[in-house]
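Numbered by the UniProt record's numbering, the letters in the sequence shown go through residues 1 to 902 in order.
Positions of the beta carbon are idealized from the N, C-alpha and C atoms, including for glycine.
Owing to the predicted nature of the structure, the values given are computational and were not obtained by experimental measurement.
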Amino acid sequence: MLNLAKQIFGSVNERKVRHLKPMVQRINALEPTFEALSDEALRNKTSEYRHRLARGGKIDEVLPEAFATVREAAKRVLGMRHFDTQLMGGMMLHQGKIAEMRTGEGKTLVATLPTYLNALESRGVHVITVNDYLAKRDSEWMGQVYRFLGLSVGVIVHGLYDNERRQAYAADVTYGTNNEFGFDYLRDNMKYSLGEMVQRGHRFAIVDEVDSILIDEARTPLIISGPTEDRSEFYKSIDTLIPLLRPEHFEHDEKQRSVVYTEIGSERMEEMLTERGLLQGSLYEPSNITMVHHANQALRAHKLFHRDKDYIVKDSEIVLIDEFTGRMMAGRRLSEGLHQAIEAKEGVQIQPENQTLASITFQNYFRLYDKLGGMTGTASTEAAEFGDIYKLDVVEVPTNRPVKRIDIDDEVYRTAKEKYKAVIADIEETYRKQQPVLVGTVSIEKSEYLSTMLKQRGIPHQVLNARYHEQEAQIVAQAGVPGAVTIATNMAGRGTDIQLGGNVDMRLKAALKGDETPDQIAALKRQITVDVEQKKRVALEAGGLYVLGTERHESRRIDNQLRGRTGRQGDPGKSKFYICLEDDLLRIFAAERLDAIMRSLGIQEGEAIIHPWMNKALETSQRRVEQRNFEIRKNLLKYDDVINDQRKAIFEQRIEFMRTADVAPIVKDMRHDVVEKLVWRHMPEKAYPEQWNTPELMVEAEEIFGFTPPVDAWAKEEGIAQHEIIERLTREVDQAYAQKAAMLGPERLRAVEKQVLLSVVDMRWREHLSFLDHLRSVIHLRGYAQRDPLNEFKTEAFTLFERMLLDLRTTITRMLLRLQIGQADEAALAPRAPTQTYEIHQNPDTGENEMARRGDDVPSLAPEGFDRHNPSTWGKVSRNAPCPCGSGKKFKYCHGQEAATA
Numbered sequence: 001m002l003n004l005a006k007q008i009f010g011s012v013n014e015r016k017v018r019h020l021k022p023m024v025q026r027i028n029a030l031e032p033t034f035e036a037l038s039d040e041a042l043r044n045k046t047s048e049y050r051h052r053l054a055r056g057g058k059i060d061e062v063l064p065e066a067f068a069t070v071r072e073a074a075k076r077v078l079g080m081r082h083f084d085t086q087l088m089g090g091m092m093l094h095q096g097k098i099a100e101m102r103t104g105e106g107k108t109l110v111a112t113l114p115t116y117l118n119a120l121e122s123r124g125v126h127v128i129t130v131n132d133y134l135a136k137r138d139s140e141w142m143g144q145v146y147r148f149l150g151l152s153v154g155v156i157v158h159g160l161y162d163n164e165r166r167q168a169y170a171a172d173v174t175y176g177t178n179n180e181f182g183f184d185y186l187r188d189n190m191k192y193s194l195g196e197m198v199q200r201g202h203r204f205a206i207v208d209e210v211d212s213i214l215i216d217e218a219r220t221p222l223i224i225s226g227p228t229e230d231r232s233e234f235y236k237s238i239d240t241l242i243p244l245l246r247p248e249h250f251e252h253d254e255k256q257r258s259v260v261y262t263e264i265g266s267e268r269m270e271e272m273l274t275e276r277g278l279l280q281g282s283l284y285e286p287s288n289i290t291m292v293h294h295a296n297q298a299l300r301a302h303k304l305f306h307r308d309k310d311y312i313v314k315d316s317e318i319v320l321i322d323e324f325t326g327r328m329m330a331g332r333r334l335s336e337g338l339h340q341a342i343e344a345k346e347g348v349q350i351q352p353e354n355q356t357l358a359s360i361t362f363q364n365y366f367r368l369y370d371k372l373g374g375m376t377g378t379a380s381t382e383a384a385e386f387g388d389i390y391k392l393d394v395v396e397v398p399t400n401r402p403v404k405r406i407d408i409d410d411e412v413y414r415t416a417k418e419k420y421k422a423v424i425a426d427i428e429e430t431y432r433k434q435q436p437v438l439v440g441t442v443s444i445e446k447s448e449y450l451s452t453m454l455k456q457r458g459i460p461h462q463v464l465n466a467r468y469h470e471q472e473a474q475i476v477a478q479a480g481v482p483g484a485v486t487i488a489t490n491m492a493g494r495g496t497d498i499q500l501g502g503n504v505d506m507r508l509k510a511a512l513k514g515d516e517t518p519d520q521i522a523a524l525k526r527q528i529t530v531d532v533e534q535k536k537r538v539a540l541e542a543g544g545l546y547v548l549g550t551e552r553h554e555s556r557r558i559d560n561q562l563r564g565r566t567g568r569q570g571d572p573g574k575s576k577f578y579i580c581l582e583d584d585l586l587r588i589f590a591a592e593r594l595d596a597i598m599r600s601l602g603i604q605e606g607e608a609i610i611h612p613w614m615n616k617a618l619e620t621s622q623r624r625v626e627q628r629n630f631e632i633r634k635n636l637l638k639y640d641d642v643i644n645d646q647r648k649a650i651f652e653q654r655i656e657f658m659r660t661a662d663v664a665p666i667v668k669d670m671r672h673d674v675v676e677k678l679v680w681r682h683m684p685e686k687a688y689p690e691q692w693n694t695p696e697l698m699v700e701a702e703e704i705f706g707f708t709p710p711v712d713a714w715a716k717e718e719g720i721a722q723h724e725i726i727e728r729l730t731r732e733v734d735q736a737y738a739q740k741a742a743m744l745g746p747e748r749l750r751a752v753e754k755q756v757l758l759s760v761v762d763m764r765w766r767e768h769l770s771f772l773d774h775l776r777s778v779i780h781l782r783g784y785a786q787r788d789p790l791n792e793f794k795t796e797a798f799t800l801f802e803r804m805l806l807d808l809r810t811t812i813t814r815m816l817l818r819l820q821i822g823q824a825d826e827a828a829l830a831p832r833a834p835t836q837t838y839e840i841h842q843n844p845d846t847g848e849n850e851m852a853r854r855g856d857d858v859p860s861l862a863p864e865g866f867d868r869h870n871p872s873t874w875g876k877v878s879r880n881a882p883c884p885c886g887s888g889k890k891f892k893y894c895h896g897q898e899a900a901t902a
């Protein structure tokens, strides 16, 4: 019945797409009118639409004309006309949905439509990409359309000063990466005046590669942290003990990616630590809990993190590898001592640890937006999660031309040796017939193994992975040339299409020397275009791009992203995966069952099973892993939701303090609240006067208020009640504060009050985050007592938050009443952001923190007269700081290197 209903009425997705067609026809009908407009008249449409919206017009009423305007502008500026399917994708994004569009369907151009429409409200539109390269490229490329239509465009990339960021956020359209937007939000809530903040709200965001950002990276909170003391010798000492352990000393679970000491392993570790004088008493005494933590981290560094797979050693530094893109993540670090443990293991210089100053998950950051849309080629497999977590619908947008790609059934071998032999034979045959082939691997190690095998066969090829990511756009662009063999480690978010025959613009850019005339450039472009067209015909005759996967990823989306590289815009192509029982996915989830099947079928060495049932079995395994990862992300969000309400309350309170010119009433309320709580704590409501603890109350009052009130005498008065003592003590405290106000003068006191408020809020919030971090790390143990860890965390976190608020009010009152503020003291008291901070994004696979760049490498404000293009205006730049030119490289590897050579 369900199938019959689908045939009659169409699927839900088809009905959504059909609903958009009348609007597409309206936009198309406007095309001749807009074609007749001059450039100036077309540009004036922007102010016309803004005027209509300002008079109360609805944004949806402007949509057909706005889309027609952008289409015409793109034709004139870029020479690109939006397809009807791209108009549909743009409408989906405007409605706050996820548009699933295949690779090569022009998602970058699609984003211009809803971006322009929503930018007409003058509240800012954020276009979020997965890396700095794409943010820069798209802001320059698509920015031509926006600027032509009179809109301003900004870009947020690594290494910008605060005034540059503020200017970029003030633009109508702002491009940037998910990490930069998230960290700017956290940094803004560590600022000490509204004028220092860079973001101006969260109205509408379009997320490119939405599955990569909102799914893959959503298990990984953004964290800003500061360093603690140097303990490098301690890490080295513990590291020397791990190689002395035997297999029976620990349990290694590959499926859960965990390793723990066994009982005899803990005893052995305790023995060795005691022998070397590193441990006093038992390993599990409360005073030695830090030692247990670092012993665990050292074990993880050795058993879970492998060189050239999870990290590489470059320039005597540990550089982490992104599991999803295969790129190096320069400057990212693991936290909680794990990165230091890896540094000790590899014998490189050990950097200090860090502590959390502010954090947020991507789920809760992107929920800040009033409206959110997303684009990707692969979202339908995660549609349930998008709906559950973000309330986002996924709509599959039809392709502009029919897809001609052929997906061949997987070949399943028993051993890796047999599989790679078949892979190399297939590549050799493909190379001989001049068909371009893209070979997908899941790790750098395997891509280099394949590369070695191809070198032995004399087959020229390119390797695209973390070691060579600088040339990745060039390599990807030329992967469609006849006979090209390209080995790639994870193709998600590369941002460059593989065009059959090659990419004209990339080839032209590589060929130019910089001294050519416009005529010479035009002639060279014509020559390259003719060559590319000729090569495209050869590639088409050979069957188009062949995508060859050497292993199934644990996520179906990553496989689909690789497959989606072929068959763009109606081109022919084919895809095929080679797998074996030794692959991680099968070995961990289905090896024994499949091995028994292959043995019972009498499969000989070198033979493979090829059957749709095998594909379904693999898909089932992948679905299980995806479900497990979804649960991890959902669990993370449940815990962060507990903290998120507290975070919002603190951040809103900080902004209120900064916005309020005179915080004296706030300080007064806090002071009175402290007095009331103090009295009730020592004189409970139903206690008799003889039960009152007046001596303790007087000691505590002296410690907080700086004087000893005569509470003992008041308590002996006949018939006196607690509320009267509260009133008397409040009067005394107010008088003491009035004397201080008279000494300082009202203006200085107002400034000091605000400084103290913000400083203490930040200090207490950081301490609170540290408590919550520790609580999170141990709360799962409550499960052994048949108690729900999440409910326990909610209860404990709420109690800790209430305690923090009380401590906060007490500390502010104490500081203001006891401080003797001179001119120098006042300057020292002025709140400042931490002098050295790190930006962290947790590793999605391990749940450990990866530390990004140091905050002190990028000062908040640019020097007077600063110009990115003129090194003489930069002033003194640290060798390890990002180069002020904006390249993203360290100064010593960019302009610093040039200066040294000169």
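Closest in alpha carbon position to Ala539, among Val463, Arg432, Leu637 and Gln527, is Arg432.
Leaving aside the five residues that flank His202 on each side, the residues in its chain whose CB is nearer than 6 Å to its CB run, in chain order, Leu368 and Tyr369.
Cβ-Cβ separation between Met815 and Val756: approximately 5 Å, consistent with a contact (criterion under 8 Å).
Scanning its chain for C-beta atoms nearer than 8 Å, with the 5 sequence neighbours on each side dropped, one finds around Lys314 the residues Met328, in chain order. Counting only runs of at least 3 residues, the segment 297-326 fully encloses the following beta strand (DSSP E) elements, listed from N- to C-terminal order: 311-314 and 317-321. In this structure the segment 521-538 lies against the segment 495-511, because at least three pairs of beta carbons, one per stretch, are closer than 8 Å.
Distances from the alpha-carbon of Lys97 to those of Tyr390, Ala341 and Asn163 put Tyr390 closest.
Residue environment analysis places Phe705 among the buried positions, since at least 16 neighbouring C-beta atoms fall within 10 angstroms of its C-beta. In the three-state scheme derived from DSSP, where H, G and I count as helix and E and B as strand, Met80 is classed as coil. Every alpha helix (DSSP H) stretch that sits fully inside the segment 30-61 and reaches 4 residues is listed by chain position as 39-54. For the pair of segments examined, the segment 107-124 was found to touch the segment 164-176: the number of CB pairs separated by less than 8 Å reaches three. Using a Cβ distance threshold of 8 Å, Phe83 and Asn400 count as a contacting pair. By the C-beta criterion, the segment 213-224 is judged not to be in contact with the segment 675-684, since fewer than 3 inter-stretch pairs fall below 8 Å.
Assignment of Asp762 by DSSP, reduced to helix, strand and coil, places it in the helix class. If you check the CB distance, Leu808 and Leu772 do not come in under 8 Å. In this structure, DSSP gives Val481 a state outside helix and strand, which the three-state scheme calls coil. Apart from the 5 residues on each side of it in sequence, Asp208 sits with its Cβ closer than 6 Å to the Cβ of Thr129 and Met375 in its chain, given in chain order.
Looking at the DSSP output, Cys580 shares a beta bridge with Tyr413.
Between the alpha carbons of Ala715 and Gln739 lies a gap of roughly 26 Å. In terms of Cα proximity to Asn28, the closest of Ala66, Ala608, Ser47 and Val153 is Ala66. By the Cβ neighbour-count rule, Phe181 is buried, with 16 or more other Cβ atoms within 10 Å of its own.
The beta carbon of Phe148 sits closer than 6 Å to those of Ala73 and Val77, all from its chain and outside the five residues before and after it, given in chain order.
For the 8 Å CB-CB criterion, Arg654 and Val761 form a contact. Of all C-beta pairs linking the segment 335-354 to the segment 220-240, three or more are shorter than 8 Å, placing the two stretches in contact. By the criterion of a C-beta distance shorter than 8 Å, Leu93 is surrounded in its chain by Ala99, Val110, Ala111, Leu113, Pro114, Ile206, Gly373, Gly374 and Met375, once the five residues flanking it on both sides are discounted.
A distance below 8 Å separates the beta carbons of Val198 and Asp184.
Residue environment for Asp239: buried (at least 16 other C-beta atoms within 10 angstroms of its C-beta).
Where Leu113 is concerned, there is no enclosing beta strand (DSSP E), although the alpha helix (DSSP H) around it starts and stops at Thr112 to Ala119.
The segment 401-411 and the segment 573-588 touch, with no fewer than 3 CB-CB distances between them shorter than 8 Å. Judged by DSSP secondary structure, Lys404 falls outside any alpha helix (DSSP H) and instead within the beta strand (DSSP E) spanning Lys404 to Asp407.
Residue burial annotation: Asp188 is buried, with at least 16 other C-beta atoms found within 10 angstroms of its C-beta.
It is roughly 49 Å from the alpha-carbon of Gly277 to the alpha-carbon of Ile558.
Assignment of His768 by DSSP, reduced to helix, strand and coil, places it in the helix class.
Residue burial is scored here from C-beta neighbours: Glu703 has fewer than 16 other C-beta atoms within 10 angstroms and is therefore classed as exposed. Segment contact: the segment 787-797 against the segment 626-646, three or more CB-CB distances shorter than 8 Å; contact assigned. Sequence-distant partners of Thr566 (beyond 5 residues in either direction) whose C-beta falls short of 8 Å from its own C-beta, in its chain, are Arg405, Leu438, Ile498, Gly544, Leu545, Tyr546, Val547, Gly573, Lys574 and Ser575.
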